[in-house]
Structure formats: C-alpha cells, structure tokens
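Peer 1: Those sequence lines, one after another, are chains E and C.
Numbering-wise, the first sequence is residues 1 to 189 according to our numbering.
Numbering-wise, the second sequence is residues 1001 to 1189 according to our numbering.
Protein chains: 2
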Amino acid sequence: MKQIFEQKNLFCLPWTQTILGTHLNGKVNFMALDWITRVNFKPAMIGICVNKNNASHDAIIDTGEYSINLPSVNIVELTDYTGLVSGNRVDKSDLFEVFYGELKAAPMISDCPLSIECKLSQTVDLPTNSFFIADIVNIHIEEQFLTDGTPDMKKIKPFLLTMPDNNFWAIGENVGKAWNDGKDLRKKQ
Amino acid sequence: MKQIFEQKNLFCLPWTQTILGTHLNGKVNFMALDWITRVNFKPAMIGICVNKNNASHDAIIDTGEYSINLPSVNIVELTDYTGLVSGNRVDKSDLFEVFYGELKAAPMISDCPLSIECKLSQTVDLPTNSFFIADIVNIHIEEQFLTDGTPDMKKIKPFLLTMPDNNFWAIGENVGKAWNDGKDLRKKQ
C-alpha cells in the first residue's frame, strides 16, 4: 500500500545535472541547473525552468540566449558552487574557460564534454518560476566523448541530482536497450 | 576543440525513464515517457512533452488528468513495451495492476515504487509536440522505498534513457552532496 509523500515541492525525480551559461549585464555567468527537458522533436527544442529570483533568470530575459553544459563527475564541486552563490553578488565569470558558437551571449564551458547552444523562443510565466523554451542552435561535443559518432555516456560521465536527499549520482551499468527490449512482449500480444 | 553534433533532433541528455498513465476513451493506457521536468517550485508543478501523434496526447487533452510512474530496473521490458505499441491499436490496460488517488483518470501503477498524480493546468502548443504543465496533486510511494522518510534511489532503482544510442542506464554510485560540496570553494572567494 502506497503512502502519500508530503514534500512534493522539494521532491524531484533523478535529473541530469547541468550548468547554465548566460551573459549577466555583459559578464559571463553560470548557474547549476537541473529542471530541463526536451520539449519538441522537430525542430529540436529544449525547455528549462529557472526561479524568478535567480540572476540567470533576468540574464535570459535580457539576451534571449544561453548555453546548457553537461559536466562530468570530475567537476562536481565547481558545479555545486555555481548553485551556491548568486551572480548578483559574486563574479563567477572566471570559473571556467569558455568558447562561443553562433550566439554572442551563450558562453559554453570548455571543461564540459558537451554543450548546447540555445536561442530563446518562448517564455511560460508560472508562479515562482519561468519556463524558457529554446531552439537548439547547435550541440558541441569533444570528439573524445563520441563512440561511432554518438555521445557516449560511459566517456562523458555525467551525474544526476535527487531531492530532497540532495545526492549526486553517477550513471551506472547499462540495463537495456530502448525500442528493443519490449519486442518479445509485442510478439506475444 | 569541440565539434558540432548533427543529430540534434535525436539527441537527449540522460532522462529518467517514466511511464505515463492515462484514460484513453475510458480505458487505462500507458506510454513510456522520458521528456519530463519540474517547472515550478511552489506550487509543485511538473511538465511533460508528448508527441501529437501519440494516443496519450489526445487522452490528456480529453481528461486533463494523468499519472507519471517511476519504474525500477526489474521492469525494463514492460516499460519499453509501452513505448513500442500505440494505445490506438493495442489494449495495454491489463499490463499493470493500477490504483487511484484523488483523480478519476490518473491510473497509477502498483508495481512502480513511486507515482505522481497530475492535473493538467496549461498546454503549450509546439510544432510536433505539446508540452503539458500540471499541478502535482499527490506523490504516492511505497514505504519500503523510503529511508528516513525520503525516497531512496538505491532502493527505488530507477533507470535512465540516452539517445540516439538508445541505452537504458541504472543509477550508479553516490558522487557528492548538492548545496554542500561547493562550500569550500565559496569560502575561498
């Protein structure tokens, strides 16, 4: 028999940990970001949820551009730090070496295996947060993190966040193949 | 030097695998769902992205209610099966034992450690998909998957999807503590 878990505001499924890159008043800024999903198949669009109190929120409204960077487990501390201090009080512009793609205000982190360049397309206003929907302009990845031309999670070594226990988790063993493992059941129907 | 990854439609970060539960023309239906995120802190709101061609898409529009269920690695095959066949062609209502909370059209899966009961609040129309924003009505969890009153991922054993390699991954080792591991760096600034 299931019981009701009361901390529904705090709870989250395991989310992939990313770092949001913006330009805040003309300076590079970073923020730990967990609430993120693809939202449209074609064209490729991605959505992120940012609290209205965060400096990055206003930076996105201001420039309409940002990056989503996928850190490896070797920079857990730096990633966590970006979520502990506000860009309104602390200059985080020197934390990482950055590079740019097509967009002028989407600083991408060289130390992250994979970075997504995003152009804001639509903002959904919600009570405490904004949900920003963006076109994926480009996905940038280091060749060393590809296997047969595809991003390889065993090489990238991303990590996940769960709340309210606030744990970071590595990716574990391969447990199956999507659009494949259910085929035997389909035959039986 | 990073290169551009061309398959941006297909790519996704590691997403937690869930199963969407709906009522399709009055019958229970399920669909594998990966594009999902929290979208508002308070009140607790969650967003999911569903392709307009999926039967579940119309079911959500019709009833305004659904469930999000978090499966364990022991039901990878069943989970994958729900994403291989359409509810418009195959009756999936007997796949799982279900239970209900407050909502009449949000069938929750007894075999999943954790289920989220959702009431649709807003629909964002995008080119190939709809992004459904819902209030989290309740989170239901079996007591055996809690530790000190909190969902314990080592007990729940969720799994993740990556694309375009289409792999399922278990959660791995604990690699840190959020809002904590960056504190030493904060002191140094």
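Quick reminder that beta carbons are idealized off the backbone N, C-alpha and C, glycines included.
Remember, it's a predicted structure, so these values are computed and weren't measured experimentally.
Compare the C-beta of E:M45 with all C-beta atoms of chain C and state if any pair is closer than 8 Å.
Peer 2: yes
Peer 1: Is any non-hydrogen atom of the ligand PLP found closer than 7 Å to the C-beta of C:I1004, if you look at the structure I gave you?
Peer 2: This structure simply doesn't include the ligand PLP, nor any ligand for that matter.
Peer 1: Using only CA atoms, which one of C:F1132, C:A1134, C:G1083 and C:C1112 lies nearest to C:P941?
Peer 2: No answer is possible for residue 941 of chain C: it lies beyond the span of chain C, which begins at 1001 and ends at 1189.
Peer 1: Under 9 Å between beta-carbons, which chain C residues line up against E:C118? List them in chain order, please.
Peer 2: The premise fails here: E:C118 is roughly 11 Å from chain C at the closest Cβ pair, so nothing lies under 9 Å.
Peer 1: In terms of residue numbering, what span does the beta strand (DSSP E) encompassing E:E173 cover?
Peer 2: N167 to K177 is the span of the beta strand (DSSP E), which, as asked, contains E:E173.
Peer 1: Measure the alpha-carbon distance for E:L10 versus E:P164 and round it to whole angstroms.
Peer 2: 6 Å
Peer 1: Going by Cα to Cα distance, which pick from C:E1065, C:S1130 and C:F1005 is closest to C:G1101?
Peer 2: C:E1065
Peer 1: Please list, in chain order, the chain C residues whose beta carbon lies closer than 8 Å to that of E:N29.
Peer 2: Residues of chain C whose Cβ lies closer than 8 Å to the Cβ of E:N29 do not exist, since the nearest Cβ in that chain is about 14 Å away.
Peer 1: Would you tell me roughly how many angstroms separate the C-alpha atoms of E:T123 and C:V1039, rounded to the nearest one?
Peer 2: Roughly 12 Å between the two C-alpha positions.
Peer 1: Measuring only the C-alpha atoms, how far is E:N180 from E:I68?
Peer 2: 30 Å
Peer 1: What did DSSP end up calling C:Y1081 once you bin it into helix, strand or coil?
Peer 2: helix
Peer 1: List the residues of chain C that E:L33 touches, going by C-beta distances under 8 Å, in chain order.
Peer 2: Within 8 Å Cβ-Cβ: nothing; E:L33 doesn't reach chain C, min ~10 Å.
Peer 1: For a test of the three-state rule: what should DSSP assign to E:T147, helix, strand or coil?
Peer 2: strand
Peer 1: Counting contacts by CB-CB distance shorter than 8 Å, is E:V73 in contact with chain C?
Peer 2: yes
Peer 1: Please report the distance separating the alpha-carbon of C:K1092 from that of E:N53.
Peer 2: 44 Å
Peer 1: List the residues of chain C whose Cβ lies closer than 8 Å to the Cβ of E:Q189, in chain order.
Peer 2: Listed along chain C, the residues sitting closer than 8 Å to E:Q189 by beta-carbon distance are V1085 and V1090.
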